[in-house]
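If you read the sequence shown in this note's numbering, its first letter stands for residue 29, the second for the next number, and so on.
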Amino acid sequence: MAVTLSDEQKIAKGREMAEAWRALDWRKVADMFAPDGVLHSMMVEPIVGREAVYKRVSGLGDGLESIVLNIRHMGVIDGVLYMERTDEFTIRGKFGSAPVVGVLEFDGDLISVWREYYDRAHLLKAMGLVEDFDAKTR
29 MAVTLSDEQK
39 IAKGREMAEA
49 WRALDWRKVA
59 DMFAPDGVLH
69 SMMVEPIVGR
79 EAVYKRVSGL
89 GDGLESIVLN
99 IRHMGVIDGV
109 LYMERTDEFT
119 IRGKFGSAPV
129 VGVLEFDGDL
139 ISVWREYYDR
149 AHLLKAMGLV
159 EDFDAKTR
């Protein structure tokens with residue numbers, strides 16, 4: 029029988045995920061997803077499956093020197109984890125930041141769906157990118 033996480037455990041998972049990003053540990057990030065888990069930046073098509081998530085985050089990590097998910101507010105509503113944050117990063121020597129809201133659903137102790145809401149044009153500009161990385165990290 030699958031484990032059901034308490035609200036406090038879901039919040040702890042959110043902090044664990046933020047730490048995995050800070051550590052640039054892409055395998056850990058992906059392994060926190062269910063095998064058929066979904067990572068969905070809402071302005072592009074969803075990434076489906078743990079290994080596809082790994083390909084996306086490790087590809088996004090190319091040139092990434094540091095990233096911190098600065099969590100401003102985090103809580104659970106109706107069993108779903110909401111995380112308001114500002115992501116600060118340095119990529120190829122360029123510092124940038126982007127405000128983000130992440131919405132995480134769980135299947136047992138694994139993430140089944142992670143939806144990300146942010147201004148994609150702002151993120152790409154902050155990253156110093158002229159071309160969207162979406163297609164090459166699928």
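Heads up, the beta-carbon is just placed ideally off N, CA and C, and yes, glycines get one too. What you are looking at is a predicted structure, and each value in this text was computed from that prediction instead of being measured.
Under a three-way DSSP split, which group does residue i fall into?
| i | result |
| --- | --- |
| G107 | coil |
| A147 | The residue you asked about is not Ala; residue 147 is Asp in the sequence shown. The answer is coil: DSSP assigns D147 none of H, G, I, E or B. |
| G130 | strand |
| T32 | coil |
| L152 | helix |
| L88 | helix |
| V76 | strand |
Hey, how far is the Cα of residue i from the Cα of residue j?
| i | j | result |
| --- | --- | --- |
| W142 | A154 | 22 angstroms |
| S125 | H150 | 9 angstroms |
| D90 | T118 | 11 angstroms |
| G107 | D35 | 7 angstroms |
| I75 | I39 | 23 angstroms |
| I95 | W49 | 7 angstroms |
| Q37 | M60 | 13 angstroms |
| D147 | R113 | 13 angstroms |
| M111 | L152 | 21 angstroms |
| V128 | H101 | 11 angstroms |
| D53 | V85 | 9 angstroms |
From the DSSP secondary-structure annotation, give me the bridge partner or partners of residue i.
| i | result |
| --- | --- |
| R113 | I99, V128 |
| K122 | I119 |
| S140 | Paired residues: none, contrary to the question. |
In chain order, what residues of the same chain lie with their CB nearer than 6 angstroms to the CB of residue i, ignoring the 5 residues before and after it?
| i | result |
| --- | --- |
| V31 | G136, D137 |
Which same chain residues, not among the five before or five after residue i, have their C-beta less than 8 angstroms away from its C-beta?
| i | result |
| --- | --- |
| L33 | K41, F134, G136, D137 |
| R120 | G91, E93, G156 |
Below 7 angstroms CB to CB, which residues in the same chain sit around residue i once its five sequence neighbours on both sides are set aside?
| i | result |
| --- | --- |
| A46 | L97, I99 |
**Report entry** Runs of alpha helix (DSSP H) wholly within the segment 34 to 68 (minimum 4 residues, chain order)
**Finding:** Unbroken alpha helix (DSSP H) runs of no fewer than 4 residues, entirely contained in the segment 34 to 68, are found at 35 to 50, 54 to 59, following chain order.
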